[in-house]
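In UniProt numbering, the protein residues as written are 1 to 137.
Have a look at this one:
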């Protein structure tokens, strides 16, 4: 039997996560600008770091949302380059640069769906196809 233990992040983890979040936002915006992508906006919504500081999960929000999955796949392909750029920026603050894993943060879309349902625009009672299908356990 597995137990999931969600421990509180240490101050060091929080500090490293915030440093990474700021630097990642700058690096990703510069990469988009250099690639000539002016119609895409990327924001780094959250960064979490493991307790041993070896792995960090980076959650990015992409606008327009229909390009989000492709952008996240591309970011995961470019991980070594991004990690190198961040390591150069944080070399005086971090001894070891954590490995990066990029994930799509679709919480804004989720909030928008809830907002539409509350306002009555999308009524799941009238149209049950709006509700996500539950997985049977």
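For each residue, glycine too, the CB sits at the ideal point set by N, CA and C.
Legend entry - Candidates 58, 129, 32, 99, of which the one nearest residue 84 by Cα: With respect to the C-alpha of residue 84, the residue from 58, 129, 32, 99 having the closest C-alpha is 99.
Legend entry - Exposed unless 16 or more other CB atoms sit within 10 angstroms - verdict on residue 1: Unreliable positioning characterises residue 1 in this predicted model, as indicated by a pLDDT of 44, which lies under 50. The coordinate reading is nonetheless provided below. Classification for residue 1: exposed.
Legend entry - Residue span of the beta strand (DSSP E) that contains residue 42, given as start and end: In the DSSP assignment, residue 42 falls within the unbroken beta strand (DSSP E) covering 41-49.
Legend entry - Entirely enclosed alpha helix (DSSP H) segments - the segment 79-124, minimum 4 residues: If we require 4 residues or more, the alpha helix (DSSP H) runs fully inside the segment 79-124 come out as 79-89, 107-119.
Inset, instruction - Using only alpha-carbon positions, find the residue among 56, 67, 9 that is nearest to residue 96. - result: 56
Inset, instruction - State buried or exposed for residue 138, treating a residue as buried only when at least 16 other CB atoms are found within 10 Å of its CB. - result: Absent from the structure is residue 138, since the part of the chain shown begins at 1 and ends at 137.
Legend entry - Pairwise C-alpha distance: residue 90 and residue 118: The alpha-carbon atoms of residue 118 and residue 90 are separated by roughly 44 Å.
Legend entry - Collapsed DSSP secondary structure at residue 14 in the structure displayed: helix
Legend entry - Short Cβ contact (8 Å threshold) for residue 47 with residue 28: No, the pair does not count as a contact, with Cβ atoms beyond the cut-off.
Inset, instruction - Grab the span of the beta strand (DSSP E) containing residue 57 for me, first residue to last. - result: If you look at residue 57, you'll find it in the beta strand (DSSP E) that goes 55-63.
Inset, instruction - Answer yes if the segment 33-42 comes into contact with the segment 51-71, meaning at least three C-beta pairs across the two stretches below 8 Å, and no otherwise. - result: Flag = yes, the segment 51-71 and the segment 33-42 touch.
Inset, instruction - Have a look at 14, 9, 11, 19 and flag the residue whose alpha-carbon is nearest the alpha-carbon of residue 92. - result: The option with the nearest alpha carbon to residue 92 is 19.
Inset, instruction - Mark residue 23 as exposed unless 16 or more other C-beta atoms lie within 10 angstroms of its C-beta, in which case mark it buried. - result: With 16 or more other Cβ atoms within 10 Å, it is buried.
Inset, instruction - Taking residue 103 and residue 58 to be in contact with their CB atoms under 8 Å, please state how far apart those CB atoms are, rounded to whole angstroms. - result: 7 Å
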